[in-house]
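**Q** Residue numbers (the numbering used here), protein chains in the order written: chain A, 3 to 225; chain B, 55 to 295; chain C, 209 to 412. Got a structure here, written out as structure tokens. Questions coming.
Here it is as structure tokens:
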């Protein structure tokens, strides 16, 4: 299908651009390391409970996402290549290409954050592995999905300052609250089935937000 | 926006009803065994605090209604690009901001007197606060865009996107998480958000539903005024340029 | 492909850039859009390319009796404009290859791109980053990109900006060729360039 080929090409372009300039990857990894260090300094020798650690994890994930996921659209608007892209690609191809780019970026980021948290916080013991992995994967998908269309909105609005987190936070709250709950269960070692309600919410969130974004994207992208 | 007669009806209706509710809700005394219509029964555990219900619930309802109207007119704007729809959408959003602020405050008061603290992160308490955040973000977005077509278009998209998250707050989270609001997990007394089982007294019910109607009329009247003002302002700006 | 424009109006914040523009073009035709700076020539070009929506009015493309929607338009339009930028972190070849891939046309990319890069004297510098290009080279690359997929309609906004004598000569050849095989629209405030076209629409 032409749109599929086209989206894949958009994804490739973004990926190649990223590899060439290394902008996002560098800045984001530095951010993640800084965040982990700051939190560790704040907590010192206190041993935070699983639910606190879970909350901290998703806070860092959220802010990392806010630092990195808008770049895919903002760079196009800033460098005036958005028109070039609009000339060659259908809105749907642009949306899915950039969505998948953000999904890959989020998964890499969250893997890094997981690694850091395991190293920095001795209390961050993933006792129920499957729950944790599934939560992080689903959480990443939902995060990328909501963040992508919001990135497009912010880019078209001139991306002034803190607009991106302000817009994103209310939309992401159901995802964050649910993911935090499930992660707490994973850290406490509850059985896989105990988090089934959370998984259902995460999956329906992903479906609803992705479908909604797909329907709305045309109105954001076309002037 | 509405016919002249309807507006007058809403104007007087809302002023009269809201005043009535204010007086009745706050002044009618409680008594252990109510004899007449002018006495409320004492609900164990709630007593005077029950009066908050006459205000908090209608305010929350109005905040949600405002959101719904803002979203619907946002959709209409996207389809027709008629600036009038955008004016209605913003006007409704402004009222939504006001009512969700009032609902959050009255909710916090309820929380303080019933559950101990002003804020508990109960899912429903959180969701009316999130509605407030959505309105804040909405106005933040609008103020960042100068081009009126782009502003209407992008803010409509945001409202609709936020609308997609509403079912999660209303249906999913409260049932999933243990909360203090009636109807949440772990609460076996109420059947749902509106704990009708507790408000069995007919005079309380009448006052409650009257309050719902009163606040709705108030909202519609205010909306009408705001839309008319917005339209006038818009016409003026055309002449200035 | 035929083009019919009916009562086209564009406003920004209620200020009209142009109002009720109408014209028609045949499948082999040329049109100049003239007007002083700020009259809305570039805006009109953007609308005709499908990059901007008009406030009111209709832009209708038709081929073989059927209407062509914006999806079909992408394969048939080539645009050169000061507003169009290439990706400066990539080389010329990479830009052409990536953008063509996104457009997913079927055409002989290797042959076509070599032909055009040579024609526009970019063949030697084809593997340099666009960031290192002069403004004249960037303009020539835009031509290569616009002509790569052999568009039925070529839109040129300020065709000779940043070009030297040699570049202008190449552009004139391109213009003559396009006038023979398809549609050409030029937006310019230079009277001589406007005369390259059969008809003209004046804005402002």
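For each residue, glycine too, the CB sits at the ideal point set by N, CA and C.
Check this for me: beta carbons of residue 211 of chain B and residue 222 of chain A, under 8 angstroms apart or not?
**A** Here residue 211 of chain B is taken as the residue at index 157 of the second chain, counted from 1. Here residue 222 of chain A is taken as the residue at index 220 of the first chain, counted from 1. Result yes, Cβ atoms of residue 211 of chain B and residue 222 of chain A sit closer than 8 angstroms.
**Q** Return no unless some Cβ of chain A is closer than 8 angstroms to the Cβ of residue 279 of chain C.
**A** Taking the first residue of the third chain as 1, we reach residue 279 of chain C at position 71. So yes, residue 279 of chain C belongs to the interface.
**Q** Which chain B residues are close to residue 176 of chain A, counting only those with a beta carbon under 8 angstroms from its beta carbon?
**A** One-based indexing of the first chain puts residue 176 of chain A at position 174. What residue 176 of chain A touches in chain B: 219, 222, 223, 226, 227.
**Q** Determine whether the beta carbon atoms of residue 214 of chain B and residue 55 of chain A lie at a separation below 8 angstroms.
**A** Along the second chain, one-based indexing puts residue 214 of chain B at 160. Along the first chain, one-based indexing puts residue 55 of chain A at 53. It is not a contact, given that the beta carbons lie outside the stated cut-off.
**Q** Just list the beta strand (DSSP E) runs in the stretch 346 to 393 of chain C, keeping only unbroken ones of 3 residues or longer that don't cross its boundaries, in chain order.
**A** Listed in chain order, the complete beta strand (DSSP E) runs (minimum 3 residues) inside the stretch 346 to 393 of chain C are 361 to 365.
**Q** Apply the 10 Å Cβ neighbour rule to residue 394 of chain C and answer buried if 16 or more other Cβ atoms are within range, or exposed otherwise.
**A** For the purposes of this step, residue 394 of chain C is identified with residue 186 of the third chain, where counting begins at 1. Classification for residue 394 of chain C: buried.
**Q** Could you give the distance in angstroms between the alpha-carbon of residue 292 of chain B and the alpha-carbon of residue 222 of chain C?
**A** On the second chain, residue 292 of chain B is found 238 positions in, with the first residue counted as 1. On the third chain, residue 222 of chain C is found 14 positions in, with the first residue counted as 1. Cα to Cα, the separation comes out at about 7 angstroms.
**Q** Distance, Cα to Cα, residue 269 of chain C vs residue 316 of chain C?
**A** Start at 1 with the first residue of the third chain, and residue 269 of chain C comes out as number 61. Start at 1 with the first residue of the third chain, and residue 316 of chain C comes out as number 108. Roughly 26 angstroms between the two C-alpha positions.
**Q** For residue 5 of chain A, collect the residues of the same chain with a Cβ closer than 8 angstroms to its Cβ; drop the 5 residues on either side in sequence, then sort them by chain order.
**A** What you label residue 5 of chain A is simply residue 3 of the first chain in a count that begins at 1. Taken in chain order, the residues that qualify are 92, 94, 95, 98.
**Q** Throw me the rounded Cβ distance for the residue 279 of chain C and residue 313 of chain C pair, which I believe falls under 8 angstroms.
**A** Residue numbering aside, residue 279 of chain C sits at position 71 when the third chain is read from its first letter. Residue numbering aside, residue 313 of chain C sits at position 105 when the third chain is read from its first letter. That belief does not hold up - the Cβ atoms of residue 279 of chain C and residue 313 of chain C are roughly 13 angstroms apart, past 8 angstroms.
**Q** Does the Cβ-Cβ distance between residue 153 of chain A and residue 30 of chain A come in under 8 angstroms?
**A** By 1-based counting over the first chain, the position of residue 153 of chain A is 151. By 1-based counting over the first chain, the position of residue 30 of chain A is 28. Cβ atoms of residue 153 of chain A and residue 30 of chain A: not closer than 8 angstroms.
**Q** Might you give, ordered along the chain, the residues of its own chain that have their beta carbon closer than 8 angstroms to the beta carbon of residue 215 of chain C, omitting 5 neighbours on each side?
**A** Indexing the third chain from 1 puts residue 215 of chain C at position 7. Closer than 8 angstroms at the Cβ level, and outside the excluded window around residue 215 of chain C, lie 228, 229, 230, 264, 265, 266.
**Q** Per DSSP, residue 57 of chain B forms a beta bridge with which residues?
**A** On the second chain, residue 57 of chain B is found 3 positions in, with the first residue counted as 1. According to DSSP, which records beta bridges pairwise, residue 57 of chain B is partnered with nothing at all.
**Q** Looking at the C-beta of residue 171 of chain A, does it have a partner C-beta in chain D at a distance below 8 angstroms?
**A** As a matter of chain content, chain D is missing from the structure shown, whose protein chains are A, B and C.
**Q** Look up residue 238 of chain C in the DSSP assignment and give the residues it is bridged to.
**A** What you label residue 238 of chain C is simply residue 30 of the third chain in a count that begins at 1. DSSP, once it has assigned bridges, lists C/392 as partnering residue 238 of chain C.
**Q** Please tell me whether residue 369 of chain C has its Cβ less than 8 angstroms away from any Cβ of chain A.
**A** On the third chain, residue 369 of chain C is found 161 positions in, with the first residue counted as 1. No, residue 369 of chain C lies away from the interface with chain A (no Cβ there is under 8 angstroms from its Cβ).
**Q** Within 10 angstroms of its Cβ, does residue 410 of chain C collect 16 or more other Cβ (buried), or is it exposed?
**A** The residue given as residue 410 of chain C occupies position 202 in the third chain. Counting Cβ neighbours within 10 Å, residue 410 of chain C comes out exposed, since fewer than 16 surround it.
**Q** Look up residue 228 of chain C in the DSSP assignment and say whether it is helix, strand or coil.
**A** Here residue 228 of chain C corresponds to residue number 20 of the third chain, with the count starting at 1. Three-state DSSP puts residue 228 of chain C in a strand.
**Q** At least one CB of chain A closer than 8 angstroms to the CB of residue 241 of chain B: is that the case?
**A** Working through the second chain from its first residue, we reach residue 241 of chain B at position 187. Confidence at residue 241 of chain B is low in this model, with a pLDDT of 43, below 50, so the placement of that residue should be treated as unreliable; the coordinate-derived value is given next. With 8 angstroms as the cut-off, residue 241 of chain B does not count as an interface residue toward chain A.
**Q** Which word fits residue 85 of chain A, buried or exposed, when buried means at least 16 other C-beta atoms lie within 10 angstroms of its C-beta?
**A** Indexing the first chain from 1 puts residue 85 of chain A at position 83. Residue 85 of chain A should be labelled buried.
**Q** Between which two residues does the beta strand (DSSP E) carrying residue 487 of chain C extend?
**A** Here chain C has residues from 209 to 412 only, and residue 487 of chain C is not among them.
**Q** Is it true that the stretch 38 to 53 of chain A meets the stretch 136 to 153 of chain A, where meeting means three or more beta-carbon pairs spaced less than 8 angstroms apart?
**A** As far as the Cβ criterion goes, the stretch 38 to 53 of chain A does not touch the stretch 136 to 153 of chain A, which means the pair count is below three.
**Q** Exposed or buried, which one is residue 156 of chain B when buried takes at least 16 other CB atoms within 10 Å?
**A** Locating residue 156 of chain B in the second chain gives position 102, counting from the first residue. Burial call: buried.
**Q** Tell me which residue opens and which closes the alpha helix (DSSP H) that residue 70 of chain A is part of.
**A** On the first chain, residue 70 of chain A is found 68 positions in, with the first residue counted as 1. Residues 52 to 70.
**Q** Return the Cβ separation of residue 250 of chain C and residue 365 of chain C in integer angstroms, given the expectation that the two are a contact with Cβ distance under 8 angstroms.
**A** Taking the third chain and counting its residues from 1, one reaches residue 250 of chain C at position 42. Taking the third chain and counting its residues from 1, one reaches residue 365 of chain C at position 157. Confirmed, about 5 angstroms.
**Q** Among C/378, C/290, C/304, which has the Cα closest to the Cα of residue 11 of chain A?
**A** Here the question's residue 11 of chain A lines up with position 9 in the first chain. Cα-wise, what sits closest to residue 11 of chain A is C/304.
**Q** Pull up the DSSP beta-bridge partners for residue 299 of chain C, would you.
**A** Numbered from its first residue, the third chain carries residue 299 of chain C at position 91. Paired residues: C/337.
**Q** How far does the alpha helix (DSSP H) with residue 270 of chain C in it extend, from its first residue to its last?
**A** As a working mapping, residue 270 of chain C is identified with position 62 in the third chain. From DSSP, residue 270 of chain C is part of no alpha helix (DSSP H) but of the beta strand (DSSP E) over 264 to 271.
**Q** According to a CB-to-CB cut-off of less than 7 angstroms, which residues of the stretch 122 to 137 of chain B neighbour chain A?
**A** Of all residues in the stretch 122 to 137 of chain B, 132 have a Cβ within less than 7 angstroms of some Cβ in chain A.
**Q** Would DSSP call residue 24 of chain A helix, strand or coil?
**A** Taking the first residue of the first chain as 1, we reach residue 24 of chain A at position 22. Correct three-state label for residue 24 of chain A: coil.
**Q** For a cutoff of 8 angstroms on Cβ pairs, would you count residue 347 of chain C as touching chain A?
**A** Counting from 1 along the third chain, the entry for residue 347 of chain C is found at position 139. Not closer than 8 angstroms to any Cβ of chain A, the Cβ of residue 347 of chain C fails to qualify, so no.
**Q** So residue 112 of chain A and residue 142 of chain A are in contact, right, with Cβ under 8 angstroms, and what is the actual spacing, rounded?
**A** The residue labelled residue 112 of chain A in the question sits at position 110 within the first chain. The residue labelled residue 142 of chain A in the question sits at position 140 within the first chain. So it is a contact: roughly 5 angstroms between Cβ atoms.
**Q** So which residues of chain B does residue 155 of chain A contact, with C-beta pairs closer than 8 angstroms?
**A** Translated into positions along the first chain, residue 155 of chain A becomes position 153. Here the neighbours are 195, 208, 211, 212.
**Q** Beta-carbon within less than 6 angstroms of residue 242 of chain B's beta-carbon, same chain only, minus the 5 sequence neighbours each way: which residues are those?
**A** For this step, residue 242 of chain B is matched to residue 188 along the second chain. For residue 242 of chain B, the predicted model reports a pLDDT of 39, less than 50, meaning its position is unreliable and no value from the coordinates is stated.
**Q** Please report how far the alpha carbon of residue 166 of chain B lies from the alpha carbon of residue 173 of chain B, in whole angstroms.
**A** Indexing the second chain from 1 puts residue 166 of chain B at position 112. Indexing the second chain from 1 puts residue 173 of chain B at position 119. C-alpha separation (whole angstroms): 8 angstroms.
**Q** For the candidate residues C/273, C/299, C/288, whose alpha-carbon lies nearest to that of residue 18 of chain A?
**A** Along the first chain, one-based indexing puts residue 18 of chain A at 16. For the residues C/273, C/299, C/288, the minimum Cα distance to residue 18 of chain A belongs to C/299.
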